[in-house]
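Note that the protein sequences, when read in sequence, are chains A and B. All residue numbers for the first sequence refer to our numbering, where the first residue is 441 and numbers rise by one. All residue numbers for the second sequence refer to our numbering, where the first residue is -2 and numbers rise by one. Glycine included, every Cβ here is placed at the ideal spot set by N, Cα and C. Just so you know, these numbers come straight off a predicted model, no measurement behind them. Since the structure comes first, as structure tokens, the remarks are kept for the end.
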Amino acid sequence: MTTFTVDLSNCDREPIQIPGKIQPHGFVVAVDKKSMTITAVSANLHNWLPADAASMTGKPLSVFEHLLNEQDENLSLGQLLQLGLQRQNFDAINPHGITVGGTSFYLIVSMHEDVVLLEFEPVSLDYDIQSSVGRSASAMLGGKNLQTLLQSAATEIKRIIGYDRVMIYKFLEDGHGEVVAEDKEDQLEPFFGLHYPASDIPKQARALYKLNLTRLIADVNASDAALLAVSSEPIDLTYSQLRAVSPIHIQYLKNMGVASSFSISLITHGELWGLVACHNYSPKYIDYKAREGSKLLGQILSSALEYRQDEEDADKVAAFKESTAFLSAHLTKDKNLIDALTSHSRTLLDCTLAGGAALLFENTLTLIGQTPSEAEVTALAAWLKQNMADSIYHTHQLPEVFKSAAAYKDTAAGVLACLISRELNEMMIWFKPERITQVQWAGNPEKPAEPDADGVLQLSPRKSFDSWTQQVNNTSARWTPEEITSVLALREIVIADINNKATAIRTLNEKLQAAYEELDTFSYTISHDLRTPITSVRTYAEMLLKTNPQFDTSSKKMVERIIAGTDKMNFLIREVLNLSKVGRAEIDMAEVNMGPLLQEIAAEIRAAMKTGEQTIEIGNTPALRGDRTMLSQVFSNIIGNGVKYSSKNPAPKVRVNGEIQGAETIYSISDNGIGIDISYYERVFELFKRMDNVQDIDGTGVGLAIVKRIVERHQGRVWFESKLGSGTTFFVAFRNRQEDIQ
Amino acid sequence: MKTPDIFYVEDDPDYVFFMENAVQEVGDNLILTVAADGQEAIRSLRKFVEEHTIPKLILLDLNLPNISGLDILRFIREIPAMKTVPVLLFSTSDSPKDVRASIEFGANAYVTKPDGYDKLLQCVDSVQKFWFNHHLHVN
Chain A
441 MTTFTVDLSN CDREPIQIPG KIQPHGFVVA VDKKSMTITA VSANLHNWLP
491 ADAASMTGKP LSVFEHLLNE QDENLSLGQL LQLGLQRQNF DAINPHGITV
541 GGTSFYLIVS MHEDVVLLEF EPVSLDYDIQ SSVGRSASAM LGGKNLQTLL
591 QSAATEIKRI IGYDRVMIYK FLEDGHGEVV AEDKEDQLEP FFGLHYPASD
641 IPKQARALYK LNLTRLIADV NASDAALLAV SSEPIDLTYS QLRAVSPIHI
691 QYLKNMGVAS SFSISLITHG ELWGLVACHN YSPKYIDYKA REGSKLLGQI
741 LSSALEYRQD EEDADKVAAF KESTAFLSAH LTKDKNLIDA LTSHSRTLLD
791 CTLAGGAALL FENTLTLIGQ TPSEAEVTAL AAWLKQNMAD SIYHTHQLPE
841 VFKSAAAYKD TAAGVLACLI SRELNEMMIW FKPERITQVQ WAGNPEKPAE
891 PDADGVLQLS PRKSFDSWTQ QVNNTSARWT PEEITSVLAL REIVIADINN
941 KATAIRTLNE KLQAAYEELD TFSYTISHDL RTPITSVRTY AEMLLKTNPQ
991 FDTSSKKMVE RIIAGTDKMN FLIREVLNLS KVGRAEIDMA EVNMGPLLQE
1041 IAAEIRAAMK TGEQTIEIGN TPALRGDRTM LSQVFSNIIG NGVKYSSKNP
1091 APKVRVNGEI QGAETIYSIS DNGIGIDISY YERVFELFKR MDNVQDIDGT
1141 GVGLAIVKRI VERHQGRVWF ESKLGSGTTF FVAFRNRQED IQ
Chain B
-2 MKTPDIFYVE DDPDYVFFME NAVQEVGDNL ILTVAADGQE AIRSLRKFVE
48 EHTIPKLILL DLNLPNISGL DILRFIREIP AMKTVPVLLF STSDSPKDVR
98 ASIEFGANAY VTKPDGYDKL LQCVDSVQKF WFNHHLHVN
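And the structure:
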């Protein structure tokens, strides 16, 4: 057998299941399953039997059986083993009472691969513990919540085994443990609430805790008994009761002042949830049956924990589900997604246990609960967008990965972010505040390395168990799988809703498109079907005049009125057609040099309105992006209006000026005319709407409707400022960059 | 049958009436022959060919029931004897699409129907002056 020296570098690999030694309060005989020969015997055999361990190895089992029968003639060892081997299980046998050297012993049989292990432990209990365990179990399960369950478990186990201190020790996510319940002798200092570093229980020890549910270290000061084996192959003591303890762990217990230690594994969903850790400060052996009773209590506690934990998780999940269902209902009901998620009695905040949440949607940031400032969240969102590989990201230590988050760790040491749309920069973020600011460690968790005489670093378990406080910074409560599931569910709902609304908008758009097309057809029909009869009316009227020179003045006037009426009708029809053309025509985007265009328009208007040169003044003329013909129509209509409505002013003036302002170029067209009553603001751009104060000025109420339609098709803006009696300024803003125009 | 100076296809009796008056007023010797729809127009055109009475000018209303002005135009252009006859499309529509289609189908001009009798007179006068002289000149 190879010897393994534990040092600082390999304590995680110390083969603790094959120590080659046992605790000395009992003795062990290992038998090969097939040959039924003895493969190993503990060196302390002679303390109870008149035989030397070395002389027994390699002998048939019957030799040992014969030795035992000299002590206890009722025992039939061979038969017992055959029974267990047939069943592949020794549970029905264990423990088998025998008498050795006048003392009662338990024979406990276990099997690992081909080796059958016979362990002999003294009996110390003189009453039946069964009923006591039953009482303890019902007392334990009386507790309503998780905490009282744990507390009564500690109390009951202490009652069964009579140790000085019983702690329930829970493993946290990173492997370190916390004492979550404790029962102890009054004079002892409490360990409740203390944290123990993960290295206190190395991983191979954890693996053993899962296989062998109880572990007794009867006396840390007793010298182990070596296991004398036939071959160099080590005997695996995984399932052994008497397995010797790692020297590191012995030292650890000694440092803590513990003489006897007993532990019961707590397993939920197949994982080590924690341990019931029992300490006694003087050597105290626990009878096998009391250990089995404790093990049963541990198993009951485990399943209760599993159940209670499931129940608590289920409650949480149910609450999250209720919240997402609530939000889903509002998303369907409300038009606005932001309102649906943030403005009701439940918000997206209720889908997790976060303290605050942010919703970035359609360029709007909405904050709920405890969050960093808007500017901070905006910066964080930009960082998240850059660094999120998936649609979901979470951390409980944000300041460790994103340095500037340190400034607001009191609200957001943890974030859970979920993208709605990466392209549109839309996401939901939840925040958890910095949580534990202090952890009470049971001694400094950094295992000190102590140089030995040769100067080699030797592992020495820590000696100080004085409570040691560590500052834990930049950390929030963790995001649970339930929260992440809940957020993913919410994301699905939100995205489905956005898609639904997009589909609704698309359908609406298609309907609108159809309606527009219908309107255009209608316009065309009007142009043809109305114009023809109007032309007929007019022509007949003219012919009437021509062929009847004898008409008197009033008859002639009436016929002329008919002609004037048809003219007006014709004009209106043409205007409607112009408007429908704006909607139908393709926009031919180009950079339009505005100087010459405006001069051209001004000249035309001057000619048509017969006004003087000075009436229209043109200032700066920055270029615009748009369709030249349409832009020409916009300016022609607005400038034409300006001239028309200021014609009553003795010194009429219309001024056109353009300025580049950010991403837009804005033209203003000011006149000193009669002005527009601002209370009719909305109606100014409506078709056929004319203001009360312009009834005596010719117009159709179509010009500004055309302007608005053209500007909208260019994704620009048009608005005006006006004062009755002193003039009006119209503004038209066009985007400068092609990319901004969709 | 005398050779018509102008062959006019028009379904609107009012316009037929205006045209008859206008043509009369522009030149009382001018002969106007009218067809009220596409079928009648095609019958008349076949007859013109048979009787060698090819009109000097053809005016086609664009919007006719069943057989449109453009259909008639295509029919005319397939008759060898009528290859050189000027054909003018005559319509209330001023849609660029209609204008383009007419020219592509081989119309010599596209005239928007004048609004009112005085304008119609001017129109007929100038059409007559230009196309009849042009026609003579070409021959």
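Since Ser1020(A) meets chain B, which of its residues come closer than 9 angstroms, beta carbon to beta carbon?
In chain order: nothing, as chain B lies at least about 11 angstroms away.
Ser916(A) by DSSP, collapsed to three states: which one?
strand
Give the residues of chain A in contact with Leu117(B), contact being defined as C-beta atoms less than 7 angstroms apart.
Thr979
Flag Tyr114(B) as yes if its beta-carbon sits less than 7 angstroms from any beta-carbon of chain C, otherwise no.
The structure shown contains no chain C; the protein chains it does contain are A and B.
DSSP three-state assignment for Thr1055(A), whether helix, strand or coil
helix
Could you tell me which uninterrupted alpha helix (DSSP H) segments, each at least 4 residues in length, are contained entirely in the segment 731 to 758 of chain A, listed from first to last along the chain?
none
Does His516(A) pass the burial test, meaning 16 or more other C-beta atoms within 10 Å, or should it be called exposed?
The sequence given here places Ser at residue 516(A); His does not occur at that position. Exposed, since its Cβ has fewer than 16 Cβ neighbours within 10 Å.
By the criterion of Cβ-Cβ separation under 7 angstroms, what are the contact partners of Lys94(B) in chain A?
Correct list: empty, because the minimum Cβ distance to chain A is about 10 angstroms.
Less than 7 angstroms between the C-beta atoms of Leu781(A) and Leu799(A), yes or no?
yes
Taking the straight line between their C-alpha atoms, what separation do you get for Met1009(A) and Ile1002(A)?
11 angstroms
Can you check whether the C-beta of Asp8(B) is within less than 7 angstroms of a C-beta belonging to chain A?
no
Proximal chain B residues relative to Met983(A), where beta-carbon distance stays under 8 angstroms
Phe15, Asn18, Tyr114
Run the CB neighbour count on Ser1162(A), radius 10 Å, all protein chains shown included, and call it buried at 16 or more, exposed below.
buried
Reference Leu42(B); option with closest CA among Glu75(B), Pro10(B), Asn63(B), Glu17(B)
Glu75(B)
Mind checking who Ser88(B) pairs with in its DSSP beta bridge?
Thr109(B)
Just checking, does the segment 1035 to 1051 of chain A make contact with the segment 1071 to 1081 of chain A on the three C-beta pairs under 8 angstroms criterion?
yes
Could you give the DSSP three-state label for Thr835(A): helix, strand or coil?
strand
Once the 5 residues before and after Val481(A) are set aside, which same chain residues still bring their CB inside 6 angstroms of it?
Val469, Ala493, Met496, Thr497, Leu668
Contact with chain B by His1154(A), beta-carbon distance below 7 angstroms
no
Mind checking which residues open and close the alpha helix (DSSP H) that includes Thr972(A)?
971 to 987
Which class does Gln627(A) belong to by DSSP, given the choice of helix, strand or coil?
coil
List in chain order: all unbroken alpha helix (DSSP H) runs of 4+ residues lying wholly within the segment 533 to 601 of chain A.
570 to 581, 586 to 601
Under 8 angstroms by Cβ, that's how I've got Leu57(B) and Phe87(B) pegged, so tell me the actual separation to the nearest angstrom.
6 angstroms
Where do the N-terminal and C-terminal ends of the beta strand (DSSP E) with Glu75(B) fall, by residue?
Here Glu75(B) belongs to no beta strand (DSSP E), and DSSP marks it neither H nor E.
My understanding is that Thr654(A) touches Arg731(A), with C-beta atoms under 8 angstroms, so please give their C-beta distance in whole angstroms.
5 angstroms
Secondary structure at Met828(A), three-state DSSP: helix, strand or coil?
coil
Look at the alpha carbon of Ala1025(A) and the alpha carbon of Asp1117(A), and state the distance between them as a whole number of angstroms.
33 angstroms
Would you call the CB atoms of Asn1097(A) and Gly1167(A) closer than 7 angstroms?
no
Relative to the alpha-carbon of Thr1069(A), which residue among Asp774(A), His1154(A), Glu596(A) has its alpha-carbon at the smallest distance?
His1154(A)
Neighbour flag for Arg1095(A) against chain B, beta carbons, 7 angstroms
no
Residue environment, Asp894(A), which counts as buried when at least 16 other CB atoms sit within 10 Å
Model confidence at Asp894(A) stands at a pLDDT of 48, short of 50, so the residue's coordinates are unreliable; what they give is reported in the following sentence. Classification of Asp894(A): exposed, given that the 10 Å Cβ count is below 16.
To the nearest angstrom, how far is the alpha carbon of Pro885(A) from that of Ser686(A)?
Caution is warranted here: a pLDDT of 47 is assigned to Pro885(A), below 50, making its placement in the model unreliable, and no coordinate value can be reported.
Environment of Ile688(A) [buried if 16+ CB atoms lie within 10 Å]
buried
Between which two residues does the alpha helix (DSSP H) containing Lys643(A) stretch?
643 to 651
Taking CB distances under 7 angstroms as the criterion, tell me whether Arg1001(A) reaches chain B.
no
Return the first residue and the last residue of the alpha helix (DSSP H) that Leu781(A) is part of.
777 to 782
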